[in-house]
Each structure stands twice: as C-alpha cells, then as structure tokens.
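Taking it in order: structure first as structure tokens, then the write-up.
2 protein chains.
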Amino acid sequence: MPLNTIQKGDCAEIMRSLPKGSVDMIFADPPYNLQLGGELHRPDNSKVDACDDHWDQFSSLKTYDDFTREWLSAARDLLTDDGSIWVIGSYHNIFRLGTILQDLGFWVLNDIVWRKANPMPNFRGRRFTNAHETLIWAAKSEKSKYRFNYDAMKALNEDVQMRSDWFLPLCTGGERLKDDNGEKAHPTQKPEALLYRVLMASTLPGDTVLDPFFGTGTTGAVAKKMKRNWIGIDREDSYIKAATKRIAETKAEIDNDLLQTVSKREEQRIPFGWLIERGLLKPGAVLTDPKHEHTAKVGADGNLITDTADGGQQRGSIHRMGAAAQGAPSCNGWTYWHYRDGKNYQPIDNLRQKLRTELAKRPDTTGTEARTLQ
Amino acid sequence: MPLNTIQKGDCAEIMRSLPKGSVDMIFADPPYNLQLGGELHRPDNSKVDACDDHWDQFSSLKTYDDFTREWLSAARDLLTDDGSIWVIGSYHNIFRLGTILQDLGFWVLNDIVWRKANPMPNFRGRRFTNAHETLIWAAKSEKSKYRFNYDAMKALNEDVQMRSDWFLPLCTGGERLKDDNGEKAHPTQKPEALLYRVLMASTLPGDTVLDPFFGTGTTGAVAKKMKRNWIGIDREDSYIKAATKRIAETKAEIDNDLLQTVSKREEQRIPFGWLIERGLLKPGAVLTDPKHEHTAKVGADGNLITDTADGGQQRGSIHRMGAAAQGAPSCNGWTYWHYRDGKNYQPIDNLRQKLRTELAKRPDTTGTEARTLQ
DNA sequence: ATCACCAGTGAATCGGATG
DNA sequence: CCATCCGATTCACTGGTGA
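Same order as they appear, the protein sequences are chains A and B.
Position one of the first sequence corresponds to residue 1 (the UniProt record's numbering), numbered consecutively onward.
Position one of the second sequence corresponds to residue 1 (the UniProt record's numbering), numbered consecutively onward.
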C-alpha cells in the first residue's frame with residue numbers, strides 16, 4: 001500500500017489497482033457538475049470567479065452517473081467490511097451520489113449539513129442564498145460495524161450529542177492555498193475544520209484514509225496532523241504539486257495521548273462476581289434500587305437473589321434482576337443497584353470503577369486475566 | 001377544478017384526471033420508506049412510537065422509485081409552465097426524489113434544510129442526531145419563469161437574504177392534531193410555520209396549490225389562512241376526516257404570529273471544542289488557573305486532561321476539570337482556565353469572544369442559533 | 001400567581017461478544 | 001446460522017400536579 005503518498009491518475013483505475021479491503025475510511029469531494037450558464041456579476045459589477053474548470057464539465061446526467069458509479073464501486077471494494085465513506089456535494093450532484101451509493105449497497109448512516117458561516121449571497125435575488133453543502137456518511141453495508149467515536153463528538157460539543165447540522169466557515173484567508181500568481185490554487189478547497197471533525201468522528205489514529213479527489217490535499221494535511229495514514233489521488237499536476245508542498249510543511253503535531261478518546265463501551269469488562277471475589281462486596285450484602293422500592297441479596301456466585309410474592313426466590317445477574325424489578329425489557333444493573341456505604345447509598349458502578357483503577361495500576365498481575373476474561 | 005376540496009384515492013391517478021397545466025405550486029410530503037428494524041427504546045426503557053404505518057412500507061428501492069416516478073410525472077404535467085414543486089424528505093428517500101425530479105426534467109432551484117429546534121436524540125449513541133429534513137424546490141423546467149417572492153423572504157428575515165437553512169420547531173403541543181383517543185392523528189404532521197414560509201416564498205394570493213399527500217391538511221389550512229386555493233389528495237379516510245374538520249375551523253386570515261421567525265437568543269453558545277477545530281487552540285496546549293496552581297492539557301476532542309496524584313490521568317470538560325481542580329461543585333471553565341499568549345496569560349473566554357465576534361459578523365439570521373449553531 | 005418537579009414525546013434505517 | 005447475555009444510551013420542550 002502506497003501510504004502517505006499522492007498517486008497521479010484516474011481515481012477509479014488507481015483504486016482498482018490497490019488491494020481490496022485495505023482502507024478504513026474514504027473521504028471524497030468529487031466534481032459537482034455545476035452546469036453554470038454565462039458569467040455572473042456582483043451588484044458592484046465585479047465578476048464572480050466561478051468554478052468553470054474542465055474537470056467539472058459533464059455532457060449529461062447520464063455521463064455524470066456513469067462516472068460516479070465507476071469510482072464509487074471501486075471505492076466500495078477498497079473499503080474494509082467495517083469501513084465507511086464520506087462524500088460531499090451540493091444539490092447539483094448530491095442526489096445522484098446518494099442514489100448510487102444506495103444502489104451499490106452502501107448503508108447511509110447520516111446526511112450532514114455543512115452550514116456555511118460566510119456563503120456567497122445570491123446576487124440576482126432569484127433564489128434562497130445557497131448557504132450549505134451536504135455530506136453523506138455511509139457504511140460499506142447494512143451489516144458493517146462502522147466506527148463512530150460518539151464520546152469524542154459529544155466532548156467536542158460540550159457534552160451534548162453532536163447533531164447532523166454543522167456550522168463552519170469557508171476556507172479563506174491564510175488557510176487558502178495560493179498559486180505562484182497569487183490566485184487561489186483550487187476553486188473548491190475545503191476547510192480543515194470540516195476534515196478534522198470527519199476524521200475525529202469516524203477514524204482512529206493509525207487508520208488508513210483515502211481521498212480519490214485529493215485537490216490541494218486538505219484530507220492528507222489533517223490526517224497527518226491527527227496521525228492517520230492517508231492516500232491521495234488526483235489527475236492534475238498543479239494540484240499534486242501544491243498538495244505535496246503543503247503536506248511536507250505540515251507537522252504531525254498532536255500527541256498520542258491527546259488523540260485518545262475514551263469510550264465506555266471500550267473499557268475493560270468487569271464481571272460483577274469480581275467485586276465479591278475481591279471483597280469489595282460480601283455475599284449476603286443487600287442492594288436496593290435508587291428509590292428503595294426493591295431489594296436484592298448478593299449471592300456468593302455473583303447472582304442476585306430476590307424474594308418473590310409467592311414466597312419463593314429468584315436469582316439472576318444484576319442486569320436481569322434489575323430488569324425484572326422494574327418490569328423493563330433491559331436494565332444496566334451497574335447503575336440500578338446501590339449498596340450501603342455508611343449512611344449513604346452508592347451505585348455499585350462506583351465499586352466497578354474502583355476495581356478498574358486498581359487493575360490499571362497493576363497490569364502485570366491482573367492484565368492477562370482481565371484480557372482473557374474480556 | 002375541484003378547488004378547496006379533498007379528493008380520496010391514489011394521487012397519481014387523481015392528478016392525471018385533472019386538467020394539465022392548471023396548478024401553480026405543488027407541495028408534497030410523500031412516504032419516506034424508513035425501513036425500520038425492531039423496536040427502539042429510550043434509556044429510560046420507554047418505547048419509541050415509530051412511524052411504522054403500512055403506507056410507509058415498500059418492498060424495495062425499485063418499488064419506491066417506480067411509485068415516485070409515477071406521481072412526480074403526473075405532478076409535472078399538472079403544473080403550469082412557470083409552476084414549481086416542493087418535496088420534503090430525509091436521507092432515506094430524498095436522494096431518490098432528487099434524482100427522479102432531475103431525470104423528469106424538473107430544474108432544481110434550491111435544496112432547503114429544515115433544522116429542527118427539538119429533534120429526537122439518537123438514543124443508542126451510534127450516529128449523529130438526525131436533526132434535520134431536506135426540502136427540494138424545483139421549477140417545472142430550466143426555462144420556467146418561476147415565482148420567488150424575494151423581498152417577502154428578505155423581510156421575513158430582518159432584511160437579510162433568506163438562506164437555505166431554516167430553523168423551526170417540530171409540530172407539537174396544541175398545533176398537533178389528536179384523534180378521538182387523544183393519540184396523535186398522524187405520525188408525521190408538519191408544522192404550519194414551515195408551510196407558511198413555503199407558500200410565502202413561491203405563491204401569490206389566489207394561486208392554486210396542490211398537496212398529493214394531504215395527511216392532516218397542514219397545506220390546506222395554511223393556504224386558506226393565506227388566501228391561496230388548495231386541493232388535497234389522500235387515501236386514508238381517517239386523515240381526510242381530520243383534515244376536513246381542521247380546515248373548516250380555520251379562518252382565512254393572515255396570522256401575523258406565523259410571520260415571525262423563531263426569536264433570536266441573546267448569545268450563541270460556543271462549545272470549547274470549536275476553538276480546537278478552528279485552530280484557536282492546539283491540542284496539547286497547557287492551560288492554567290489564575291494562580292498557576294493547577295495545569296491541564298487540551299485534548300483533541302475538547303476535553304481537558306490533568307495528571308492525578310496517583311500517577312493516573314483524568315479527563316473532562318473545561319467546567320468539570322475546573323471544578324475538580326478547586327474541589328468545587330461547579331466552575332465556569334471559560335474564566336477559570338487561562339492560555340499563554342506570549343508572556344501573558346489570558347482567560348480562554350477571550351478566545352470564545354473572538355470567535356463569537358467573527359460569527360456575529362456573518363449573522364445567521366435565518367434562524368436563530370439557539371443552542372445549536374452546529 | 002409562581003415555581004419546582006415529574007412524565008411524556010418527536011419521520012429512527014440506533015449492538016456486540018460469545019457459544 | 002441463531003440464541004443468549006452483558007450493559008450502554010437522550011435533547012428540547014410541553015403539560016400536569018402539588019406546594
């Protein structure tokens with residue numbers, strides 16, 4: 001795999017030449033097929049520098065669809081089974097992209113709206129200001145165990161779930177690459193903040209990220225900063241030259257420990273029985289629910305024991321017995337059951353956390369056991 | 001023309017029976033083809049009342065496409081040459097709708113994002129909160145002299161061009177129609193404010209507006225208020241009954257309350273993570289408290305990271321880590337934590353203020369940032 | 001009259017490991 | 001392939017009740 005390099009050529013062809021199932025995530029910013037008419041002027045009569053490059057011209061919708069199906073199909077084969085893809089577009093092409101993604105078997109996870117902080121106004125006053133672009137995030141298939149760093153996204157948003165509408169400025173000012181004449185090097189350079197969020201959401205450090213329409217290499221630059229491996233593909237020498245220089249000047253600046261995000265789901269599993277084995281809870285201890293409406297006794301084997309209405313007993317895991325007490329389909333026993341700590345009641349999750357901290361300090365003695373029991 | 005009545009039956013069939021070129025605008029809220037799996041429960045174990053009605057079930061994407069092509073084709077013939085159509089959908093169906101619209105010769109004018117003020121969260125934490133729906137506004141053809149009430153839209157928006165992202169609350173409370181059992185009469189009733197803006201943008205009083213998926217008749221009720229003629233089509237007796245009653249009780253008067261967009265909040269919320277995404281702070285930057293007694297490092301996800309006495313690490317939001325450092329129950333992390341600016345230390349609140357000023361320069365007037373600029 | 005608290009709810013493609 | 005079990009997971013808003 002040609003990691004951390006730019007390949008020159010047709011992206012479908014090059015993707016077909018790489019080993020199948022070898023890429024964790026693909027970010028694609030394909031031609032939008034804008035179909036612009038004549039020139040557009042601002043109210044002050046200055047001319048709008050539109051995207052009229054040859055690579056954005058297609059003779060018909062069918063030509064665009066064929067082109068799209070070709071590269072998306074190659075992209076799908078390149079992804080690992082649990083990989084995912086991001087594509088970005090506007091109303092000119094996003095419906096074609098979305099339809100073909102679905103037809104090829106991709107499973108759409110979200111459509112994301114990039115709300116532009118500073119869009120170009122509609123100078124003619126004939127439509128609404130086109131103030132957003134759309135990203136589609138899709139897994140390779142319905143069965144994929146795609147990666148989503150939920151906790152990182154929540155943390156980025158001050159502990160509130162990240163929504164499907166993102167408000168970010170355009171790429172302007174110093175971030176915008178210029179060519180030797182001081183003109184913008186690429187007509188549609190995307191802001192790094194957009195890629196930062198995409199990479200943070202759906203990849204891990206060390207993952208391989210491919211961008212088939214690399215342009216000025218925003219994906220590569222952000223991937224390098226965030227210690228993801230990247231592969232870029234483009235057909236234009238001028239873009240490859242600009243991207244190469246840009247990425248060479250970019251440092252992998254973020255430390256490993258800073259790149260880590262914690263997810264409860266990925267923490268070490270602690271069976272309830274370990275609390276008893278290690279004396280954090282004694283057999284016979286009485287647990288209650290938060291409202292003190294139900295009680296259960298701790299059995300020596302890690303089961304809980306409750307008395308039933310008919311004078312019998314019931315036993316089961318902390319989760320099963322919590323669900324039964326509430327008449328609910330499921331229950332997180334760790335947060336439901338509380339133990340007595342002096343005059344207060346604490347969730348048994350506190351004991352789990354305590355044990356987890358201890359185990360982390362002594363990885364040599366307990367690590368193997370913990371790992372094998374996971 | 002059966003103006004201001006509801007027709008019962010298949011919408012494509014009924015549209016074919018009406019005179020061609022006789023309708024000025026069509027608003028369509030077709031089935032979304034959600035393809036839901038099993039049941040979904042909230043964290044409190046209550047069940048989500050999903051949209052699982054028979055009319056939303058299609059056996060395949062092809063079946064859905066055939067259905068869509070059929071009614072959109074009939075709709076196109078029904079429009080005047082200068083007429084336009086609005087369709088609404090989610091990522092499940094909007095790409096199919098958009099592709100078929102384009103294939104039939106409709107000319108897309110805008111895609112509009114309805115950002116929901118109060119969407120349902122993602123309960124499992126597996127994706128981004130699906131916080132918007134998409135509307136497509138299209139003219140009958142590229143040559144259409146479609147109607148767009150530019151000045152009305154600008155006036156609605158405090159004299160700034162209306163953007164393509166609209167921030168509106170869901171239809172809840174008193175506006176939501178209930179059946180005889182007190183249950184919601186329709187699973188997906190749209191808010192009147194949404195229809196108000198659509199009608200205000202693209203029709204004139206006296207115009208004829210048709211809704212082929214009439215449901216509880218929101219389109220008819222708002223059209224009546226705004227003195228547009230309306231035609232509704234639906235297949236379900238229960239919806240027709242509810243819509244008939246609703247429109248009979250609606251008066252043909254323009255309700256000024258509807259004119260208002262959701263009021264702006266005083267200040268927009270800036271998550272700490274935005275400073276990192278936008279490069280105002282780098283991951284790894286060291287923050288200190290005003291007395292330089294505590295330090296914390298900035299994580300890539302917007303959490304702060306501190307070293308604990310026992311050699312471990314702790315992470316959390318700026319507020320939580322500020323509280324922990326002081327042993328206080330709460331803390332305003334924005335004023336507590338300081339970053340190094342040359343030789344001086346400045347509260348990170350300065351960076352927030354800087355970003356806020358930048359954002360304020362480009363006010364998102366359409367819609368109120370509320371808590372969710374995102 | 002006001003406030004605090006609780007319950008309910010909205011177009012939702014909402015697990016993963018183990019046996 | 002399927003069954004079983006563990007255990008992680010929610011935001012904004014409305015309306016009712018009781019102090």
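For glycine and all other residues, C-beta sits at the position ideal for the given N, C-alpha and C.
Classification of residue i by the beta-carbon crowding that lies within 10 angstroms, buried from 16 upward
| i | result |
| --- | --- |
| G98 of chain A | buried |
| D24 of chain A | buried |
| T63 of chain A | exposed |
| H92 of chain B | buried |
| A309 of chain B | exposed |
| N122 of chain B | buried |
| L36 of chain B | exposed |
| M200 of chain A | buried |
| L3 of chain A | exposed |
| A138 of chain B | buried |
| H41 of chain A | exposed |
| G9 of chain B | exposed |
Reference residue i; option with closest CA among the options
| i | options | result |
| --- | --- | --- |
| M153 of chain B | B:T203, B:Y64 and B:L170 | B:T203 |
| E39 of chain A | A:Y32, A:T295 and A:K47 | A:K47 |
| P191 of chain A | A:D180, A:E133 and A:D307 | A:E133 |
| N149 of chain B | A:G125, A:D44 and A:K140 | A:G125 |
| R265 of chain A | A:N332, A:A248 and A:A323 | A:N332 |
| D159 of chain A | B:L304, B:D81, B:T172 and B:N4 | B:L304 |
| E277 of chain B | A:A155, A:K354, A:I247 and A:D307 | A:A155 |
| N45 of chain B | A:A324, A:D179, A:N350 and A:K20 | A:A324 |
| A131 of chain A | A:G232, A:F167, A:R69 and A:A223 | A:F167 |
| T218 of chain B | B:I94, B:Q189 and B:M200 | B:Q189 |
| L281 of chain B | B:K245, B:M321 and B:K354 | B:K354 |
| C171 of chain B | B:N181, B:P119 and B:G322 | B:P119 |
| Y239 of chain A | A:D111, A:K178, A:A223 and A:G302 | A:K178 |
| Q346 of chain B | B:W71, B:K291, B:L194 and B:S59 | B:K291 |
| G279 of chain B | A:Q260, A:R197, A:T335 and A:F95 | A:R197 |
| R96 of chain B | B:T80, B:L351, B:G83 and B:F67 | B:F67 |
| R352 of chain B | B:W334, B:N344 and B:K343 | B:W334 |
Supposed contact pair residue j and residue i - C-beta distance, whole angstroms, cut 8 Å
| i | j | result |
| --- | --- | --- |
| S317 of chain B | F272 of chain B | 7 Å |
| L61 of chain A | Q102 of chain B | 6 Å |
| D237 of chain A | G215 of chain A | So it is not a contact: roughly 13 Å between Cβ atoms. |
| G220 of chain B | A243 of chain B | 6 Å |
| V113 of chain B | D29 of chain A | Contact doesn't hold; Cβ gap of about 19 Å is too wide. |
| residue 377 of chain B | F27 of chain B | There is simply no residue 377 of chain B to check, as chain B begins at 1 and stops at 374 in what is shown. |
| residue 375 of chain B | T250 of chain B | Missing from the structure shown is residue 375 of chain B; chain B here goes from 1 to 374 and no further. |
| G89 of chain B | Y32 of chain B | 6 Å |
| A117 of chain A | P169 of chain A | 4 Å |
| M226 of chain B | I254 of chain B | 6 Å |
| R127 of chain B | N110 of chain A | 5 Å |
Reduced DSSP category for residue i - H, G, I as helix; E, B as strand; rest coil
| i | result |
| --- | --- |
| M15 of chain A | helix |
| W55 of chain A | helix |
| A32 of chain B | For clarity, residue 32 of chain B is Tyr in the given sequence; the question names Ala instead. Coil at Y32 of chain B, not helix or strand. |
| S60 of chain A | coil |
| K154 of chain A | helix |
| K224 of chain B | helix |
| R269 of chain B | coil |
| G299 of chain A | coil |
| W114 of chain B | strand |
| D77 of chain B | helix |
| F67 of chain A | helix |
| E142 of chain B | coil |
| M120 of chain B | coil |
| T365 of chain B | Any reading at T365 of chain B must be qualified, since the residue scores a pLDDT of 33, below 50, and its modelled position is unreliable; the value itself is stated next. Here T365 of chain B sits in coil by DSSP. |
| Q314 of chain B | strand |
| H319 of chain B | helix |
| K8 of chain B | strand |
| G333 of chain B | helix |
Check: residue i C-beta below 7 Å from any heavy atom of the ligand ADP
| i | result |
| --- | --- |
| N45 of chain A | Among the ligands in the structure shown, none appear at all, so the ligand ADP cannot be discussed. |
Query raised in the report: Between the segment 66-76 of chain B and the segment 6-17 of chain B, do three or more beta carbon pairs fall short of 8 Å?
Result: yes
Query raised in the report: Does the count of Cβ pairs from the segment 305-315 of chain B and the segment 273-290 of chain A closer than 8 Å reach three?
Result: no
Query raised in the report: When the Cβ atoms of the segment 133-151 of chain A are set against those of the segment 178-189 of chain A, are three or more pairs found closer than 8 Å?
Result: Segments in contact, no.
Query raised in the report: Are at least three pairs of beta-carbons, each pair with one atom in the segment 277-288 of chain B and one in the segment 339-358 of chain B, less than 8 Å apart?
Result: A contact between stretches requires three or more CB pairs, one per stretch, nearer than 8 Å, and the segment 277-288 of chain B meets this requirement with the segment 339-358 of chain B.
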